[in-house]
Amino acid sequence: MRRKLTWRGRKAVHSARVLDEVVNTEVRLVPQLTGEAQRRAVDHLAELVLLSQAYRHYSYGWIGRRELERRGKGALGRLEALSAPTVQQLTERE
26 MRRKLTWRGR
36 KAVHSARVLD
46 EVVNTEVRLV
56 PQLTGEAQRR
66 AVDHLAELVL
76 LSQAYRHYSY
86 GWIGRRELER
96 RGKGALGRLE
106 ALSAPTVQQL
116 TERE
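If you read the sequence shown in the numbering used here, its first letter stands for residue 26, the second for the next number, and so on.
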């Protein structure tokens, strides 16, 4: 039996769908990348998939708001770390 979603649950499902759309759009570009850029893009997309999954788990009531917030902050931290320039990128700019 399906449980009726609360407005927070519906909002979480919507957020998950938006993230899925971003991933589905961007994943098509990955094969055009090479080497390190491809690996970093895949890592970024994987984080977005995990975040989307967390939103769905919240909407199902499997995790609470605090756990969703913890997972969201973790994902943002990892995305930020992935976006930081590598030592190689810094030395190539000189």
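Even glycine gets a Cβ: it sits at the ideal position worked out from N, Cα and C.
My understanding is that residue i touches residue j, with C-beta atoms under 8 Å, so please give their C-beta distance in whole angstroms.
i	j	result
L76	G89	Going by Cβ atoms, the distance from L76 to G89 rounds to 16 Å, so no, they are not a contact pair.
Q63	V52	Wrong, their Cβ atoms sit about 11 Å apart, outside the cutoff.
Please report the residue range of the alpha helix (DSSP H) in which residue i lies.
i	result
R91	R90 to S108
G60	G60 to Y85
R53	Segment: none, R53 is in no alpha helix (DSSP H) and carries neither H nor E.
Can you tell which of the options has its C-alpha closest to the C-alpha of residue i?
i	options	result
L73	A109, R33, Y85 and D45	D45
P110	N49, A41 and R65	R65
K29	A100, Y85 and S40	Y85
H39	A79, E61 and A62	A79
T31	R81, R95 and V67	R81
Beta-carbon within less than 7 Å of residue i's beta-carbon, same chain only, minus the 5 sequence neighbours each way: which residues are those?
i	result
H69	L104 and L107
Spatial neighbours of residue i within its chain, please: CB distance less than 6 Å, with the 5 preceding and 5 following residues excluded, ordered by chain position.
i	result
Y83	A37 and L93
Q57	none
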